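Asks:
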Amino acid sequence: MTEFEGKTVLSLHVNGDFHEVLVRPSDILLDVLREQLGLTGAKAGCKNGDCGACTVMVDGWPAKSCLMLAVEAQGKKITTVEGLGGKAAVQNAFVEANAFQCGYCTSGFLMVCHALLTQHPVMPDEIVVEEWLQSNLCRCTSYQEIRKAVHLMYDAVQDADV
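The sequence shown runs 1 to 162 under the UniProt record's numbering.
Here's what the structure looks like:
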């Protein structure tokens, strides 16, 4: 890290690519992703970690980018919703289940569901699913559709493996 007028040059590994960014010590990852890298999928819903609209994956686990300093992300693999790309099972399940309405929270839920699938390749029980989903909030859709999307996601992955 090189310091320049109170800012530091970081090398971030985002969606498989390395990016050099200039940040203040207090800059949060969410703002750097959105403002410097143009990755606007993660949303600034509450900026205090409650809603999950800012969820990204850090080293394979969901993380709320509004609570993480950008300097903490150096040396870690970050995946945003834009980086899911070929992970169509997650997105297709949400579309099929109509698991979104306004769409503001959707990217956060997609990231949590992708992480769930990554960490639990076989459909876990409902308690585990609920534990993962409770980290995100949706203000306008029934969680029933989101739960249905999780089941459809696992069905699609299982069908692809057969």
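Virtual Cβ for every residue (Gly too), placed ideally from N, Cα, C.
The structure presented is a predicted model; accordingly, all values stated were derived computationally and were not measured.
Does DSSP put residue 12 in a helix, in a strand, or in coil?
Replies: Strand, per DSSP.
Asks: Please state the DSSP three-state secondary structure of residue 69.
Replies: Strand, per DSSP.
Asks: Where do the ends of the beta strand (DSSP E) carrying residue 126 lie?
Replies: No beta strand (DSSP E) contains residue 126, which is instead part of the alpha helix (DSSP H) from 126–133.
Asks: Tell me whether the stretch 18–33 and the stretch 88–101 touch, counting them as touching only if at least three CB pairs, one residue from each stretch, are closer than 8 Å.
Replies: As far as the Cβ criterion goes, the stretch 18–33 does not touch the stretch 88–101, which means the pair count is below three.
Asks: Can you tell which of 111, 99 and 52 has its C-alpha closest to the C-alpha of residue 142?
Replies: The candidate whose alpha carbon is nearest that of residue 142 is 99.
Asks: Taking the continuous alpha helix (DSSP H) assigned at residue 96, which residues delimit it?
Replies: From DSSP, the alpha helix (DSSP H) with residue 96 extends over 88–97.
Asks: Using CA atoms only, rank isn't needed, just tell me which of 101, 115, 45 and 90 is closest to residue 59.
Replies: For residue 59, the nearest C-alpha among the options comes from 115.
Asks: Work out the CA separation of residue 105 and residue 53 for me, nearest whole Å.
Replies: If I take the Cα positions, the gap works out to 5 Å.
Asks: From the DSSP output, read off the bridge partner residues of residue 57.
Replies: In the DSSP output, where bridge partners are listed per residue, residue 57 has 62 and 79.
Asks: On the three-pair Cβ rule with 8 Å, is the stretch 125–133 touching the stretch 67–85?
Replies: No, the stretch 125–133 does not touch the stretch 67–85.
Asks: With DSSP run on the structure shown, which of helix, strand or coil describes residue 23?
Replies: Residue 23 falls in the strand class under three-state DSSP.
Asks: For a test of the three-state rule: what should DSSP assign to residue 148, helix, strand or coil?
Replies: In this structure, residue 148 counts as helix in the three-state DSSP scheme.
Asks: In the DSSP assignment, find the alpha helix (DSSP H) that holds residue 118 and state where it starts and stops.
Replies: It spans 106–119 - the alpha helix (DSSP H) in which residue 118 sits, taken as one unbroken run.
Asks: Quick one: what does DSSP say residue 50 is sitting in, helix, strand or coil?
Replies: Coil at residue 50, not helix or strand.
Asks: At a threshold of 8 Å, does residue 123 count as lining the ligand NAD (C-beta to nearest heavy atom)?
Replies: Absence of the ligand NAD from the depicted structure is noted, as is the absence of any ligand whatsoever, leaving it without description.
Asks: From this set, 47, 135, 131 and 108, which residue's C-alpha is nearest residue 83's C-alpha?
Replies: Closest option to residue 83, Cα to Cα, is 108.
Asks: Can you list, in chain order, the residues of its chain whose CB lies under 6 Å from that of residue 148, leaving out five sequence neighbours each side?
Replies: Same-chain partners within the cutoff: 97.
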